[in-house]
Amino acid sequence: MFKVLHVRSLRPQSAFRHHVKMSGRRHHQSNPESHGWTKTGESQQSRVEHYQRDNVRMDYYPTTGTVKTSMDHPSQGKTQMFRRDLSESSFQRVLDNPRSHTGQGYQRK
50 MFKVLHVRSL RPQSAFRHHV KMSGRRHHQS NPESHGWTKT GESQQSRVEH YQRDNVRMDY
110 YPTTGTVKTS MDHPSQGKTQ MFRRDLSESS FQRVLDNPRS HTGQGYQRK
């Protein structure tokens with residue numbers, strides 16, 4: 050007889066993300082509204098919250114911790130910055146200054 054073994058993922062971070070998505074827990078403790086952002090909407094299906102402050106828009110995916118900021122950059126024009134897996138302190142930095150560079154993420158024009 051063969052014994053069935055359960056293979057665990059080599060990437061424990063992806064297992065954590067899956068657990069967070071399924072349980073609906075928030076990735077960060079900070080509330081964007083306490084940093085001056087105004088909530089403009091949300092989508093339960095996409096699990097995204099939309100915020101705006103001044104001329105900057107932010108899409109926040111609380112179950113994964115992903116943040117997308119859209120703005121009209123002074124020298125680059127309209128840009129989008131995506132940041133994934135932000136620590137709590139990096140998330141707070143982005144909330145205070147959406148142009149801050151966290152070293153995590155990528156930019157699209």
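Residue numbers (this note's numbering): 50 to 158. For each residue, glycine too, the CB sits at the ideal point set by N, CA and C.
Range covered by the alpha helix (DSSP H) that runs through residue i
i, result
"glutamate 137", "137–145"
Contacts around residue i, its chain only, beta-carbon distance under 7 Å, and the 5 residues preceding and following it disregarded
i, result
"glutamate 82", "Lys88"
"serine 149", "Arg142, Val143"
"asparagine 104", "Met120, Asp121"
"lysine 52", "At lysine 52 the pLDDT is 46, less than 50, meaning the model places this residue with poor confidence and gives no usable figure here."
First through last residue of the beta strand (DSSP E) which encompasses residue i
i, result
"arginine 133", "Premise fails: arginine 133 is in no beta strand (DSSP E) and is neither H nor E."
"threonine 115", "115–122"
"arginine 106", "105–110"
Reduced DSSP secondary structure (H/G/I, E/B, other) of residue i
i, result
"serine 95", "coil"
Same chain only: Cβ atoms within 8 Å of residue i, ignoring 5 sequence neighbours per side
i, result
"proline 160", "What is shown of the chain runs 50 to 158, which leaves residue 160 out entirely."
"tryptophan 86", "Tyr100, Gln101, Arg102, Met107, Leu144"
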